[in-house]
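Asks:
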Amino acid sequence: MRIDVMGVGFDSLTLNEVVTEALRLISEHRSAYVVTPNPEIVMMCRADENVMDAVQKADLVLPDGIGVVYGAKILGTPLKQKVPGIDFVQALMGELSQTGGRVFLMGSKPGVAEMAAETLRNRYPGLTICGTQDGYFKDDTPVIEVINEAKPDLLFVCLGAPKQELWMQRNASKLKVGIMAGLGGSLDVFAGTVKRAPKLFQKLGLEWFYRLMKEPWRIGRMMQLPKFLFATIRERFRRKR
Ligand code: UDP
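Under the numbering used here, the letters of the sequence shown match residues 582 to 822, in that order.
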């Protein structure tokens, strides 16, 4: 059962439960897909029904950050915990490296996926990085062919939101992968081109603040967060009446 946060249904699971479910989906081998909406993406869903549809049809919908967790709390239907996409994928790769799992890295600027592959090979020696592809291609078909030939258990889809969500929904039936996940800037983090906030910021739920200091041009997009929180408060009062 999913918990509704402003029209988007989220799976309320711990990180361990999410990984168990992801491994089950991989074993089914039907190109299941995972989305990790933050408040900004929830607001995009409310503004565009195609994005809403792509998000709602995902096999796992994970709350990527503290904003959605607060929203659910305000609405009186709390989620178990935040499960950022990057935490999810690291935990999953930890498991896959035990069994020689195969990972394909798609997205970000040319060269980034290759740098991320270096990091991941060092960090998870048991893992096979079976292919890389930048995120600025025009035609899906040849890319899908390369991915299918590489036979990944896990496919990173790092095209930014909502491009990656729409891409996964559109191509799921043509792909032959275990599972794929829309992971935004994760390849940039593994490549070292973007730094994640220090642990303390993550613990305090202030990762967004760190990111804003580093990339101040994000302010426009981040203004969706207060809008989102106001909307949840309004919705809470509406439900009470
Ligand atoms: N990106 C891409 N293709 C595109 C647009 C964006 O590969 O057509 C990449 C971009 O290089 C960056 C990532 O998608 O690595 C978006 O990262 P961001 O942190 O902005 O993710 P978001 O917050 O939008 O999910």
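Where a beta carbon is used, it is the ideal one built from N, C-alpha and C, also for glycine.
Since the structure is predicted, the reported quantities are computational estimates derived from the model, not experimental observations.
Between A628 and P620, what straight-line distance do the alpha-carbon atoms span, to the nearest angstrom?
Replies: One C-alpha to the other measures close to 13 Å.
Asks: Under the rule that 16 or more other beta-carbon atoms within 10 Å means buried, what is E746, buried or exposed?
Replies: Buried.
Asks: Return the bridge partner residues of R583 from the DSSP annotation.
Replies: D592.
Asks: How far does the beta strand (DSSP E) with L735 in it extend, from its first residue to its last?
Replies: First-last of the beta strand (DSSP E) with L735: L735 to C739.
Asks: Quick one: is the Cβ of S754 within less than 6 Å of any heavy atom of the ligand UDP?
Replies: S754: no, Cβ never under 6 Å from the ligand UDP.
Asks: Compute the beta-carbon to beta-carbon distance between V664 and P644, rounded to the nearest angstrom, for a pair I have assumed lies under 8 Å.
Replies: Indeed, because the Cβ distance is near 6 Å, the residues count as touching under 8 Å.
Asks: Mind pulling the beta strand (DSSP E) runs of 3 or more residues that sit fully within the segment 630–701?
Replies: Correct list: 683–688.
Asks: Which residues share a DSSP beta bridge with Y791?
Replies: None, per the DSSP bridge assignment.
Asks: With a Cβ-Cβ cutoff of 7 Å, do L708 and A697 count as a contact?
Replies: In this structure, A697 does not lie closer than 7 Å to L708 by Cβ.
Asks: Assuming A762 and V738 are in contact, meaning their beta carbons sit under 8 Å apart, how far apart are those beta carbons, in whole angstroms?
Replies: At roughly 7 Å, the Cβ-Cβ gap stays under 8 Å, so A762 and V738 are in contact.
Asks: Is it the case that the CB of I821 approaches a heavy atom of the ligand UDP more closely than 6 Å?
Replies: Correcting the residue identity first, residue 821 is Lys in this sequence and not Ile. The answer is no for K821.
Asks: Mind reading off the beta-carbon distance from L793 to M803? Whole number of angstroms is fine, and I expect it under 8 Å.
Replies: The Cβ separation is near 6 Å, so the contact holds.
Asks: Assign A753 to one of three DSSP states: helix, strand, or coil.
Replies: Residue state, collapsed to three classes: coil.
Asks: I'd like to confirm something about D541: is its beta-carbon nearer than 6 Å to some heavy atom of the ligand UDP, or not?
Replies: Not covered by the structure: residue 541. The range shown for the chain is 582 to 822.
Asks: Does DSSP put A731 in a helix, in a strand, or in coil?
Replies: Helix.
Asks: Tell me which same chain residues have a C-beta within less than 8 Å of the C-beta of R691, skipping the five on either side of it?
Replies: The displayed chain sequence assigns Pro, not Arg, to residue 691. Hits under 8 Å: D715 and Y717.
Asks: Rounded to the nearest angstrom, what separates V632 and W748 at their Cα positions?
Replies: So the two alpha carbons sit approximately 10 Å from each other.
Asks: Express the C-alpha separation of Q671 and R799 in angstroms, rounding to a whole number.
Replies: If you take the alpha carbons of R799 and Q671, they lie about 25 Å apart.
Asks: Beta-carbon within less than 6 Å of H610's beta-carbon, same chain only, minus the 5 sequence neighbours each way: which residues are those?
Replies: Closer than 6 Å at Cβ, skipping near neighbours: G759.
Asks: Confirm, please, whether the CB-CB distance from F790 to M624 is below 7 Å.
Replies: The answer is no: Cβ separation not under 7 Å.
Asks: Going by beta-carbon coordinates alone, are I584 and A653 separated by less than 7 Å?
Replies: In contact: I584 and A653 (Cβ atoms closer than 7 Å).
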